[in-house]
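Chains as they are written, first to last, in the numbering used here: chain F, 1 to 135; chain P, 1001 to 1370.
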Amino acid sequence: MSAAPPLPVMTDLTAEFYGHLAGGTLHLQQCTACGTFRHLPRYLCPSCHGDGWAWQACSGRGEVLSWTTTMRPLHPAFTDLPMTLVTVTMAEGPRVLGRLVDVAPEELRAGMPVVIAPKTVAEGLAIPEFRVAPA
Amino acid sequence: MSDLQLMLVASLRAIADAGLKPTDIDAIMTPVMSVSSEELAANLGLSDMAWSVKSNIGGAAPVASLLGAMMAVTTGVARAVLIPAGLNGFSRMQPKAMSARADAGSPLPPSVLDYYVPAGSTAPPQWYAMMARLHAERFGASEEALGAVAVAMRKHAQLNDKALMRGKPMSMADYLASPLITTPYRLLDCCLVTDAAGAVVVTAADHPAARTHPRVYLSGAAEGHPYPADDISNRADPLTIGLTHAAPRAYAMAGIGPEDADFAQIYDCFTFEVLQQIEEAGFCRRGEAEAFVHGGRIELGGALPINTHGGLLSEAHVMGISHIIEAVRQLRGTAGARQVEGVGVGIVTGWGDLGDGSIAVLRNDRRAGR
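Spelled out as C-alpha cells, the structure:
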C-alpha cells in the first residue's frame, strides 16, 4: 500500500496551472505582449519582461526529449514500479515533466510522439501524465 | 549528533589546524541545511562577527563559499572566514527521525515540490538522469564509463582511513552487477549517505595563520547557474550547467587552466555528474569524458587523478567540503599513501540542486601565480 501522493501547493500561479489542467486540457502561459509560451509558470515573460499573460489551451501533443525509468522505490507514495518519467517538448515549445504510462521501457526513444492525459490524483486536482500518441 | 554538533567538531579542528583560536574567526559562511551562522557563532564564542552569509546552492555551496571568503579577506571585511559544512544524513533518514522531522519543512524549491514531486520525480537521481539520458542520446555512452568513475573512487577510498568504503574494494563486475535504481543509475552510481562534517578556514595570504603550514593559495574561484536554475526541463541547452559558466571565470581569475591541474576533486553525487563536470570544466570537450575516464586515467598514477580521497561515492557525503580539504592536503603534501607526487595545482568543483555549480583553482608555492 503506497502512502498518499505528495500534492502541489495550490497557491498563485500553481493554482492557476493545475486549475486549468483539472478541466482536462493542458493550458500554458502565453505572454500577451510578445506571444512567447512559457512553463514553469512565471510572473514575468523571460523574453520581453511583459507582466501580462493568458492561459492558452494547448494541443497536448509533444515529443519525448529525455526519460528515466525508476526501478526501486525512492518515495513511499511511488511504489508501483517500474515507472517511467519523461521530459516532453510540447508542440507550443515549453517542456513538461510527467509520467509516461502504457509503454515498455525498451520501446522508449527520443522524439517519441506523446499526448498528455491529465491524471486525477485528488478531488479537483489533475497532474500531467502522458501516453504514446496514436499513430 | 545534530548537523550543528558535527559542524562544531569540524570547525574546532579546522581552527586549531590553522593555528588560530575560535575568537580569531570574524566571519562565517554557512552552508545550506539547518544551521545558521548565529548558532555557530553563539557556540564558538564569537562576540564580534563582522560578516555572515548563507550560500543556498546545495553541494555547490562549500566551494562557492571559497569565492565569498576570498572577497571578504581581500577587501578587509573579514580576516579569518570559517566555512563549515556537513549533515547527519544517515541518522536523519532513519524511520524514527523521519517522523520527528515530518513538520520541519522541505529544503526543496517550489518548482520541484509543485511540478516534479507530484509526478513521482522525487529524488536527485531522477532529476539528473534526464541530463544523463540526453547526453547518451547525443554522444553515446557505455555503462563502463559510469562504472570507471565508481571504481576509481572506491580504489582511492582504500587508501583513506576515514573512508566508509575502506576495506570494501569494488570491481567493474561488481559495479555492473549492482541493481538499477533509476536508469541509467545503478546503486553503485549513487553517493553515500553518512553523518559527517568538515570545515575550512580562509585568510588573506599575509595573515599569520597562513604560515602555519605550507601555503595553499586560492588562485581563482567562481559560481555559476544554469538557466533557469530552478527547472531542469526548460533549458535551451539542457547540458549546460552552472559549471559551464563558472569554469572560464575561475580560470581567467587564476591565470591557470584545466591543462595545468595535477589533480581534480569533482563533486560526485552520482557518476554521470563526474563525467559531465569533467567536460564542462574543460578537461576535455563535451562528449569526450568517456574516453577521458577509461584505462585508469582518473585513478592515482593516471593522467588526472580525481577524488583522491574517495569522494561522496566512497569516502562520505560531506557536501563537497571534503573535496576542498583533500585538495589542501594534496597541495600541502600531507595526503599520505594517496599523495600525488610533485603537485602544484588542484581544481575543485561543487554541484548542487538542479545543476548549480562552483569551482576553485588552488595552488601551492611550487606553482607561481595569483
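Just so it is clear, CB atoms sit at the ideal spot from N, CA and C, and this is done for glycine as well.
None of these values were measured; they are calculated from a predicted model.
C-beta neighbour in chain F for residue i, strict 9 Å
{"i": "Arg1092/P", "result": "no"}
{"i": "Gln1126/P", "result": "yes"}
{"i": "Gly1120/P", "result": "yes"}
{"i": "Thr1240/P", "result": "no"}
{"i": "Asp1231/P", "result": "yes"}
{"i": "Thr1183/P", "result": "yes"}
{"i": "Tyr1175/P", "result": "no"}
{"i": "Ala1360/P", "result": "no"}
{"i": "Val1193/P", "result": "no"}
{"i": "Ala1102/P", "result": "Bear in mind that a pLDDT of 46 at Ala1102/P, under 50, signals an unreliable position, so the number given afterwards is only what the model happens to contain. With 9 Å as the cut-off, Ala1102/P does not count as an interface residue toward chain F."}
{"i": "Ser1111/P", "result": "yes"}
{"i": "Asp1114/P", "result": "yes"}
{"i": "Leu1188/P", "result": "no"}
{"i": "Leu1180/P", "result": "yes"}
{"i": "Val1117/P", "result": "yes"}
C-beta neighbour in chain P for residue i, strict 9 Å
{"i": "Pro94/F", "result": "yes"}
{"i": "Glu16/F", "result": "no"}
{"i": "Val114/F", "result": "no"}
{"i": "Gly98/F", "result": "yes"}
{"i": "His20/F", "result": "no"}
{"i": "Glu129/F", "result": "yes"}
{"i": "Pro134/F", "result": "no"}
{"i": "Pro118/F", "result": "no"}
{"i": "Leu65/F", "result": "yes"}
{"i": "Val101/F", "result": "no"}
{"i": "Glu72/F", "result": "It is Arg, not Glu, that sits at residue 72/F in the sequence shown. Closer than 9 Å: yes."}
{"i": "His27/F", "result": "no"}
{"i": "Thr32/F", "result": "no"}
{"i": "Ala110/F", "result": "yes"}
{"i": "Ala91/F", "result": "no"}
{"i": "Ala77/F", "result": "yes"}
{"i": "Pro8/F", "result": "yes"}
Segment limits, beta strand (DSSP E) that includes residue i
{"i": "Val1053/P", "result": "Trp1051 to Lys1054"}
{"i": "Gly1086/P", "result": "Ala1080 to Asn1088"}
{"i": "Thr1030/P", "result": "Ala1027 to Thr1030"}
{"i": "Gly62/F", "result": "Arg61 to Thr70"}
{"i": "Thr25/F", "result": "Per DSSP, Thr25/F belongs to no beta strand (DSSP E) and is neither H nor E."}
{"i": "Ala126/F", "result": "Leu125 to Ile127"}
{"i": "Pro113/F", "result": "Pro113 to Ile116"}
{"i": "Val1293/P", "result": "Careful: Val1293/P lies outside any beta strand (DSSP E), inside the alpha helix (DSSP H) at Ala1289 to Val1293."}
{"i": "Gly35/F", "result": "Unbroken run through Gly35/F: none, as it is neither H nor E."}
{"i": "Gly98/F", "result": "Arg95 to Val101"}
{"i": "Leu74/F", "result": "Note, Leu74/F: premise wrong, no beta strand (DSSP E); not H, not E."}
{"i": "Leu85/F", "result": "Met83 to Met90"}
Residue span of the alpha helix (DSSP H) that contains residue i, given as start and end
{"i": "Thr120/F", "result": "Note, Thr120/F: premise wrong, no alpha helix (DSSP H); beta strand (DSSP E) at Lys119 to Ala122."}
{"i": "Pro1062/P", "result": "Ala1061 to Thr1075"}
{"i": "Ala57/F", "result": "Unbroken run through Ala57/F is the beta strand (DSSP E), Trp53 to Ala57; no alpha helix (DSSP H)."}
{"i": "Asp1007/P", "result": "It should be noted that the sequence gives Met, not Asp, for residue 1007/P. Per DSSP, Met1007/P belongs to the alpha helix (DSSP H) from Asp1003 to Asp1017."}
{"i": "Arg1329/P", "result": "Ile1321 to Arg1332"}
{"i": "Val1112/P", "result": "Pro1110 to Tyr1115"}
{"i": "Leu7/F", "result": "It is not in any alpha helix (DSSP H) - Leu7/F carries neither H nor E in the DSSP assignment."}
{"i": "Leu1040/P", "result": "Ser1037 to Leu1044"}
query: Which runs of the beta strand (DSSP E) fall wholly inside the region 1128-1211 of chain P and span at least 3 residues, in chain order?
result: 1180-1182 and 1195-1203
message: By the 7 Å beta-carbon criterion, what residues does the region 35-58 of chain F contribute toward chain P?
response: His39 and Leu40
- prompt: Looking at chain F, which residues of the region 1056-1090 of chain P have a Cβ within less than 8 Å of any of its Cβ atoms?
  reply: Along the region 1056-1090 of chain P, none of the residues has a CB nearer than 8 Å to a CB of chain F.
- request: With a floor of 3 residues, list each beta strand (DSSP E) that falls wholly inside the region 1204-1278 of chain P, ordered by position along the chain.
  value: 1217-1224 and 1263-1265
- request: Decide yes or no for the touch test of the region 1290-1308 of chain P against the region 1355-1368 of chain P: beta carbon pairs closer than 8 Å, at least 3 of them.
  value: no
- prompt: Any contact of the region 1205-1219 of chain P with the region 1233-1243 of chain P, i.e. 3+ C-beta pairs under 8 Å?
  reply: no
field: At least three beta-carbon pairs within less than 8 Å, the region 1203-1211 of chain P to the region 1048-1058 of chain P
entry: no
query: For the region 1128-1148 of chain P, which residues have a CB atom closer than 7 Å to at least one CB atom of chain F, in sequence order?
result: Considering only beta carbons, the part of the region 1128-1148 of chain P lying closer than 7 Å to chain F consists of Ala1129, Met1130, Arg1133, Leu1134 and Glu1137, in chain order.
- prompt: Per the contact definition of three or more C-beta pairs closer than 8 Å, is the region 27-42 of chain F in contact with the region 81-93 of chain F?
  reply: Enough Cβ pairs lie closer than 8 Å, so yes.
task: Just list the alpha helix (DSSP H) runs in the region 1335-1370 of chain P, keeping only unbroken ones of 4 residues or longer that don't cross its boundaries, in chain order.
output: none
Within 9 Å of chain F by C-beta, residues of the region 1255-1289 of chain P in sequence order: none
query: With contact counted as at least three CB pairs below 8 Å, one residue from each stretch, are the region 1156-1168 of chain P and the region 104-119 of chain F in contact?
result: no
task: Would you check if the region 1256-1272 of chain P and the region 1341-1352 of chain P touch, i.e. whether three or more CB-CB distances between them fall below 8 Å?
output: yes
- prompt: Are three or more beta carbon pairs between the region 1243-1255 of chain P and the region 1356-1364 of chain P nearer than 8 Å?
  reply: yes
task: Could you say if the region 1180-1193 of chain P and the region 1115-1134 of chain P meet the contact criterion of at least three C-beta pairs nearer than 8 Å?
output: Note that the region 1180-1193 of chain P touches the region 1115-1134 of chain P; at least 3 beta-carbon pairs, one per stretch, sit closer than 8 Å.
message: Taking contact to mean 3 or more Cβ pairs, one atom from each stretch, closer than 8 Å, check whether the region 39-51 of chain F and the region 60-69 of chain F are in contact.
response: no
message: Whether or not the region 1028-1039 of chain P and the region 1074-1088 of chain P are in contact is what I'm after, with contact meaning three or more pairs of Cβ atoms, one per stretch, closer than 8 Å; do they touch?
response: yes
message: Closer than 8 Å is the cut-off here; do at least three beta carbon pairs connect the region 1221-1233 of chain P with the region 1064-1082 of chain P?
response: yes
query: Between the region 119-129 of chain F and the region 1165-1175 of chain P, are three or more C-beta pairs nearer than 8 Å?
result: no
field: At least three beta-carbon pairs within less than 8 Å, the region 1070-1077 of chain P to the region 1287-1299 of chain P
entry: Result no; under three Cβ-Cβ pairs closer than 8 Å.
field: the region 1283-1292 of chain P in contact with the region 1319-1327 of chain P per 3-pair CB rule at 8 Å
entry: no
message: For the pair the region 43-59 of chain F and the region 16-27 of chain F, tell me if three or more CB-CB distances fall below 8 Å.
response: yes
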